[in-house]
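Just so you know, the sequences run in chain order A and B. Numbered as in my numbering, the first sequence ends at 245 without a single skipped number. Numbered as in my numbering, the second sequence ends at 515 without a single skipped number. In this text, a Cβ means the ideal position worked out from N, Cα and C, and glycines have one as well. Reading through the structure tokens given below for one structure.
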Amino acid sequence: MSRHLIEARGLTYRYPDGTLALSDISFRIGHGEAVAVIGGNGAGKSTLLLHLNGSLQSGAGEVRVADLPVGNATLTQIRNAVGMLFQDPDDQLFMGSVFDDVAFGPRNLGLPESEVAGRVNDALATVGARHLAGRPPYRLSGGEKRAVAIAGVIAMAPSILVLDEPSDGLDPAARRRLINLLRSFSHTRIVATHDLDLVLDLCSRVLVMNRGRIEADGKPQAIFTDTELLARCQLEPPLSWQRRS
Amino acid sequence: MSRIDDTLRELRSLDSFAALPNTLTRLDPRAKILATFFYIAVVVSFDRYTILALLPLAVYPVILAALGDVPPSLIARKLLIASPFALMIGIFNPLLDRAPLVDLFGMDIAAGWVSFASILLRFALTVSAALLLVATTGFHRVCAGLNQLGVPRILTTQLLFLFRYAEVLAGEASRMGTARELRACGRRRLNLGVYAGLLGHLLLRALERAQRIHLAMLARGFDGEMRGPHQLAWRRTDMFFLVLCAACFALARSIDLPRALGHILLGALP
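Next up, the structure:
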């Protein structure tokens with residue numbers, strides 16, 4: 001079975017206050033696919049993402065990663081396989097230096113310090129942040145923080161990357177670098193975003209969410225030309241498709 | 246900018262001195278921790294009316310600050326922030342203990358004032374030593390050193406979390422403070438209702454963020470133990486530093502240096 005496979009079956013989740021956040025979500029994402037999860041605010045994107053590495057576990061339905069069911073017994077394996085990039089890089093960066101922060105995951109894997117150093121340097125080189133290794137994370141710019149947060153995730157050598165709003169708060173150049181970086185990865189990538197142009201550049205498949213359901217699942221070209229669907233889900237065609245009137 | 250912001254920056258700046266390359270930061274954290282504990286024990290062990298005999302011990306933080314390139318003004322500011330605690334502890338001594346103890350230029354000084362001054366002096370010495378320990382070592386390395394010295398991991402992990410979340414809390418508070426200020430239309434005073442609301446909000450927001458940080462840690466394999474890079478290596482210089490410090494402290498404890506100096510000087514007079 002491929003390590004890169006991720007699958008949800010009938011996933012349903014209610015918040016403790018009773019709000020239905022996810023309702024009967026099913027999909028199957030294969031090796032190396034780049035899939036966008038789009039939808040309006042409160043559609044359930046982040047909640048879905050948190051299920052993919054077991055941060056949230058639902059009452060009904062299940063998530064399977066590389067054919068392992070996500071549950072308390074498999075949590076360590078799941079989290080090694082699924083790398084999760086959080087929306088706010090500040091939530092992710094907490095060690096005293098960039099090097100130590102990227103090393104946080106590999107050290108938790110119990111790797112010897114020499115291998116940790118190798119992984120950290122490789123990960124930082126991949127995101128173009130080798131020169132930041134000695135800096136404290138809170139002194140970095142938004143783009144640098146994002147790059148370092150990504151390095152922290154890929155240093156754990158996951159086979160699946162889950163990214164929550166990766167282009168949020170980036171300037172155009174940093175956003176372009178991020179897109180190129182994500183395109184260069186061979187991981188299975190799942191990206192929740194409002195940046196539909198990023199979806200066009202990066203993803204070959206789109207899941208459209210609305211009120212906790214998957215409204216549509218298809219190719220970006222098909223989804224973004226369905227104006228009725230987009231309007232219903234509080235979306236618009238990508239900006240690059242919109243003509244200035 | 247708000248005062249919370251400044252405090253936050255200072256908190257970080259204290260830790261940043263640990264990255265400077267100097268003799269002190271290269272020492273094993275255990276050597277510095279043990280020296281600091283011994284120092285504090287010695288300072289505290291003096292009689293409660295002692296002032297003069299404590300003065301030679303002030304050399305230790307001064308040397309530490311100089312070797313570690315930590316500006317004394319930074320330590321002084323932090324002492325000032327913490328000083329209300331010491332003031333509260335000592336403030337009633339002059340009222341309760343009025344027996345004249347010292348005759349200074351013809352004035353009787355009550356024993357209470359002497360012990361009050363002694364408390365303040367000890368506070369300044371011990372707290373600055375502890376601050377300098379953190380400044381020249383870094384919080385993470387202090388905790389790693391404590392671990393190696395046998396402090397349970399669960400305790401040091403808590404300390405690291407405290408350090409980390411204090412920053413989160415201060416950051417949230419500072420953002421809320423700014424937001425309030427922008428809409429306060431120049432009114433400086435905060436009415437109690439607004440204040441209570443702000444505090445409640447702060448708690449909820451900080452909790453939420455703390456939860457997200459925790460999730461992010463779990464996502465990267467956190468299992469309740471903070472693993473550092475800190476392979477500590479005890480070298481001869483560490484031993485030398487510790488022995489030298491211990492010897493100096495013991496000397497200052499056993500001999501009243503200012504008095505001895507006075508005797509020598511006065512004794513030399515005809």
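Asked	Found
Looking only at its own chain, which residues have a Cβ that is under 7 Å from the Cβ of residue 152 of chain A, when we skip the five neighbours before and after it?	92, 101, 102, 104 and 105
On the DSSP letters alone, give me the boundaries of the alpha helix (DSSP H) that residue 89 of chain A sits inside.	89-92
Under 8 Å between C-beta atoms, does residue 485 of chain B make it to chain A?	no
In chain order, what residues of the same chain have a beta carbon less than 6 Å from the beta carbon of residue 141 of chain A, not counting five sequence neighbours either side?	none
For residue 306 of chain B, collect the residues of the same chain with a Cβ closer than 8 Å to its Cβ; drop the 5 residues on either side in sequence, then sort them by chain order.	320, 370, 373, 374 and 377
Using the Cα positions of residue 37 of chain A and residue 213 of chain A, report the straight-line distance between them to the nearest angstrom.	11 Å
Compile a chain-ordered list of the residues in the segment 447-463 of chain B whose CB is closer than 8 Å to at least one CB of chain A.	454, 457, 458, 460, 461, 462 and 463
Locate the alpha helix (DSSP H) running through residue 74 of chain A, then write down its first and last residues.	Element bounds for residue 74 of chain A: n/a, residue is neither H nor E.
Are the CB atoms of residue 362 of chain B and residue 296 of chain B nearer to each other than 8 Å?	yes
Pick out whichever of A:155, A:75, A:216 and A:235 has its Cα sitting closest to the Cα of residue 27 of chain A.	A:216
How is residue 465 of chain B classed by DSSP in three states: helix, strand or coil?	coil
Under 8 Å, Cβ to Cβ, is there at least one residue of chain A near residue 261 of chain B?	yes
Taking only three categories from DSSP, how would you classify residue 186 of chain A?	coil
Quick check on the burial criterion: 16 or more other C-beta atoms within 10 angstroms. Buried or exposed for residue 430 of chain B?	exposed
Which residues in chain A sit within 8 Å of residue 420 of chain B, going by Cβ to Cβ distance?	What residue 420 of chain B touches in chain A: nothing, since even the nearest Cβ is about 12 Å away.
Take the Cβ of residue 333 of chain B as the centre, count every other Cβ of all protein chains shown within 10 Å, and call the residue buried at 16 or more, exposed below.	exposed
Give, in chain order, every residue of the segment 396-427 of chain B whose Cβ lies closer than 7 Å to some Cβ of chain A.	409
Verify whether the separation of the beta carbon atoms of residue 98 of chain A and residue 56 of chain A is less than 8 Å.	no
Taking only the alpha-carbon atoms, compute the straight-line gap between residue 246 of chain B and residue 416 of chain B and give it to the nearest angstrom.	Residue placement at residue 246 of chain B cannot be trusted, given a pLDDT of 46 that sits under 50; what the coordinates show is reported in the next sentence. About 12 Å.
For chain B, find out if any of its Cβ atoms is closer than 8 Å to the Cβ of residue 211 of chain A; answer yes or no.	no
Should the segment 233-245 of chain A be regarded as contacting the segment 348-357 of chain B, the criterion being three or more beta carbon pairs within less than 8 Å?	no
Out of A:15, A:59, A:68 and A:203, state which residue places its alpha-carbon closest to the alpha-carbon of residue 221 of chain A.	A:203
Can you tell me the Cα-Cα spacing of residue 269 of chain B and residue 121 of chain A, whole angstroms?	28 Å
I want to see whether chain A comes within less than 8 Å of residue 383 of chain B, judged by CB atoms only; does it?	yes
Compare the C-beta of residue 92 of chain A with all C-beta atoms of chain B and state if any pair is closer than 8 Å.	yes
Does chain A have any CB closer than 8 Å to the CB of residue 246 of chain B?	Because the pLDDT at residue 246 of chain B is just 46, under 50, the model does not fix this residue reliably, and the point stays unresolved.
In whole angstroms, what is the alpha-carbon distance linking residue 5 of chain A and residue 150 of chain A?	21 Å
In the structure shown, what three-state DSSP assignment does residue 447 of chain B receive?	helix
Residues of the segment 269-294 of chain B in Cβ contact with chain A at a cutoff of 8 Å, in chain order, please.	none
Using DSSP bridges, identify the partner residues of residue 83 of chain A.	A:161
Taking Cβ-Cβ distances shorter than 7 Å, what residues in chain B pair up with residue 109 of chain A?	466
How would you list, in chain order, the residues of chain B whose beta-carbon sits under 8 Å from the beta-carbon of residue 55 of chain A?	460, 463 and 464
What are the boundary residues of the alpha helix (DSSP H) that includes residue 15 of chain A?	No alpha helix (DSSP H) contains residue 15 of chain A, which DSSP labels as neither H nor E.
If I'm right that residue 20 of chain A touches residue 61 of chain A with Cβ under 8 Å, what's the distance once you round it to whole angstroms?	Residue 20 of chain A to residue 61 of chain A, Cβ: 13 Å. No contact.
Output the distance between the C-alpha atoms of residue 162 of chain A and residue 190 of chain A, rounded to the nearest integer angstrom.	5 Å
Going by the beta-carbon positions, is the gap between residue 164 of chain A and residue 147 of chain A smaller than 8 Å?	no
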